[in-house]
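Here is the structure we will look at.
There are 2 protein chains.
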Amino acid sequence: MKKIDICLSPDLIHQYDLASTVVVVIDILRASSSITTAMAHGVKAIRPVESLSECRELKLKGHIGAAERGGKKVGGFDMGNSPFSFMNPELEDTKIALTTTNGTITLKKSKGALQVIIGSFLNYSALLAYLERLPCDLLLHCAGWKGTVNLEDTLFAGAIIYGLKQMFEYNSDVPLMALNLYKIAKNDLKSAIQDSSHVARLMNLGLEKDIDFCLKFDEYKVIPVLKGNYITKMKLPDMLF
Amino acid sequence: MKKIDICLSPDLIHQYDLASTVVVVIDILRASSSITTAMAHGVKAIRPVESLSECRELKLKGHIGAAERGGKKVGGFDMGNSPFSFMNPELEDTKIALTTTNGTITLKKSKGALQVIIGSFLNYSALLAYLERLPCDLLLHCAGWKGTVNLEDTLFAGAIIYGLKQMFEYNSDVPLMALNLYKIAKNDLKSAIQDSSHVARLMNLGLEKDIDFCLKFDEYKVIPVLKGNYITKMKLPDMLF
Chain A
9 MKKIDICLSP
19 DLIHQYDLAS
29 TVVVVIDILR
39 ASSSITTAMA
49 HGVKAIRPVE
59 SLSECRELKL
69 KGHIGAAERG
79 GKKVGGFDMG
89 NSPFSFMNPE
99 LEDTKIALTT
109 TNGTITLKKS
119 KGALQVIIGS
129 FLNYSALLAY
139 LERLPCDLLL
149 HCAGWKGTVN
159 LEDTLFAGAI
169 IYGLKQMFEY
179 NSDVPLMALN
189 LYKIAKNDLK
199 SAIQDSSHVA
209 RLMNLGLEKD
219 IDFCLKFDEY
229 KVIPVLKGNY
239 ITKMKLPDML
249 F
Chain B
9 MKKIDICLSP
19 DLIHQYDLAS
29 TVVVVIDILR
39 ASSSITTAMA
49 HGVKAIRPVE
59 SLSECRELKL
69 KGHIGAAERG
79 GKKVGGFDMG
89 NSPFSFMNPE
99 LEDTKIALTT
109 TNGTITLKKS
119 KGALQVIIGS
129 FLNYSALLAY
139 LERLPCDLLL
149 HCAGWKGTVN
159 LEDTLFAGAI
169 IYGLKQMFEY
179 NSDVPLMALN
189 LYKIAKNDLK
199 SAIQDSSHVA
209 RLMNLGLEKD
219 IDFCLKFDEY
229 KVIPVLKGNY
239 ITKMKLPDML
249 F
């Protein structure tokens, strides 16, 4: 049977064999939600980069520069990491260089997988429909916070386990743990993550509307996929089934 | 306020500042349960070692050799890692060299902490009484399984959070996650861990009575403490309050 597992932090990714696995990168607050939003609003491609200097360099080469650290937009760049800023019609057909505190590292550490896609509540059902039909193992790769495990990414991983209706065999205890946490939380996700460290951080920055938006199910049907250095909207030839 | 956190795998321990922290090492199935049992039954000291060759060398130097890999006793040693084997009256006042799949690595990686103690359901209330009075931060260090996160160690960490009555501030999302998982599981721990990968592994080896024993609360009042290379029973001068 196909197997599913959850890597709770990019610092644990060395534990997993990625070569025959589709990896779903999860950074609910906010990178994976923002990337999904960007793809749904016509952004041509997003290049995730780890450092501010790489982002700056790509900005000089014609990319829009999006940079976030610790929840805040970094000075000197065009935008930060709020999903709302990716709805701007002026971004249509542009290339964006994006660096964030956790999400971009998680994407980089997922390289080597059969395919790397990006998941969020915003594209939940589209993602599930794709994952259900995959002929291979799955790994849900949570971005966490600077290497530590966080609640909202674990809950979304649990939401995927919940939605997949046990068509996959659990390859460790973590899928069951995430599923149980999601079951407690699912009727009121916002309350459930109220005590999360990152939620408190974003609330303090006045970003409650970002949080509310990132917890919305099925706003979009796109699935962002990482190909080479760029994330684009998944098209028919990218589909593995 | 004093802080509490949970490290879900020894592969994440680099994330934590140990110097001013008391670390509780947790390997419910079975190292921390067996070490607690040994201390309660008069074993003088246990030396945790990582490799079979170190264990063999110490056996030649007069230690009892206890070695387990993948749930099984390793050939050529005096004993494995079952708590029942540590109840043997012949072990009274002996020194044991112990190597296990996960627990001994977790102990080694905890070095550098203000104090390293060993926790299990078997000494739950004694442990809580000690922890409640500590004047410093706490880290619960789960052994997991070969670097991945496991259910039973996370549940015991949750049991500690539950028992401590929120006298500590949570330093990440993990204490809340473990607490919630424990609350679901607490009325029937055995059923809750029935689907755990390691439980299945031990069941297949015919070790159900080990599992039953390792889930018993408060069999003993001892707290094992790591001092230098040896684990001994905590005595008054070892107490940090």
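These protein sequence lines map, in sequence, to chains A and B. This note's numbering applies: residue 9 is where the first sequence begins, and numbers increase by one. This note's numbering applies: residue 9 is where the second sequence begins, and numbers increase by one. Note that CB positions come from ideal geometry on N, CA and C, so glycine has one too.
Practice task
Identify each residue in the segment 175-197 of chain A for which the Cβ-Cβ distance to at least one residue of chain B is less than 7 Å, and report them in chain order.
Solution key: S180, D181, V182, L184, M185, N188, L189, I192
Practice task
Starting from C63(B), follow the alpha helix (DSSP H) in both directions and report where the run begins and ends.
Solution key: 60-68
Handout entry: Burial state of A208(B) (16 or more Cβ within 10 Å)
Key = exposed
Problem - Collapsed DSSP secondary structure at M247(B) in the structure displayed - result: coil
Practice task
Would you check if the distance between the CB atom of D35(B) and the CB atom of T114(B) is smaller than 8 Å?
Solution key: yes
Problem - Nearest-angstrom Cα separation, counted from K52(B) out to I229(B) - result: The sequence as given places Lys at residue 229(B); Ile does not occur at that position. If I take the Cα positions, the gap works out to 16 Å.
Problem - Member of V57(A), S205(A), P18(A), D13(A) whose CA lies at the smallest distance from the CA of I239(A) - result: V57(A)
Practice task
Just tell me which of S41(B), A27(B), Y138(B) has its CA closest to the CA of K224(B).
Solution key: S41(B)
Handout entry: Residues, ordered as in the chain, of the segment 47-73 of chain B that lie near chain A by beta-carbon distance below 7 Å
Key = none
Exercise for the section: With DSSP collapsed to three states, give me the class of M34(B). Expected result: Checking the sequence shown, residue 34(B) turns out to be Ile, not Met. I34(B) falls in the strand class under three-state DSSP.
Handout entry: Nonlocal neighbours in the same chain, by C-beta distance under 8 Å from L139(A), ignoring five residues either side
Key = V30, V32, L146, I168, L172
Problem - Burial state of D181(B), where buried means 16 or more other Cβ atoms lie within 10 Å - result: buried
Practice task
State the DSSP-derived secondary structure class of T29(B), mapped to helix, strand or coil.
Solution key: strand
Exercise for the section: Using a cut-off of 7 Å between C-beta atoms, extract the partners of S17(A) located in chain B. Expected result: L20
Handout entry: Chain-order list of residues whose beta-carbon lies under 6 Å from that of Y190(A) (same chain, five-residue window excluded)
Key = L163, G166, A167, Y170
Practice task
With 7 Å as the C-beta to C-beta threshold (strictly closer), list the residues of the segment 135-160 of chain A near chain B in chain order.
Solution key: G155, T156, V157, N158, L159
Handout entry: For A151(B), the three-state DSSP class (helix, strand or coil)
Key = coil
Handout entry: Straight-line Cα distance separating G50(B) from E98(B)
Key = 10 Å
Practice task
Whole angstroms is fine: what's the gap from M242(A)'s alpha carbon to R77(A)'s?
Solution key: 28 Å
Problem - Members of the segment 111-126 of chain A near chain B, C-beta cut-off 8 Å - result: none
Handout entry: Cβ-Cβ distance between L37(A) and L142(A) below 8 Å
Key = no
Problem - Neighbourhood of E177(A) by C-beta distance below 6 Å, restricted to the same chain and skipping five residues each side - result: M9, K11
Exercise for the section: Answer yes or no: does any C-beta atom of chain A fall closer than 8 Å to that of D25(B)? Expected result: no
Handout entry: contact_flag[the segment 106-113 of chain A, the segment 62-78 of chain A] where n(CB pairs < 8 Å) is 3 or more
Key = yes
Handout entry: One or two residues paired with A3(B) in a DSSP bridge
Key = A query on residue 3(B) cannot be resolved here, the shown segment of chain B reaching from 9 to 249 and no further.
Practice task
Starting from A48(B), follow the alpha helix (DSSP H) in both directions and report where the run begins and ends.
Solution key: 39-48
Practice task
Please confirm whether any heavy atom of the ligand NAD lies closer than 7 Å to the CB of K243(B).
Solution key: This structure simply doesn't include the ligand NAD, nor any ligand for that matter.
Practice task
May I have a chain-ordered list of the beta strand (DSSP E) segments no shorter than 3 residues that lie completely inside the segment 128-181 of chain B?
Solution key: 145-150
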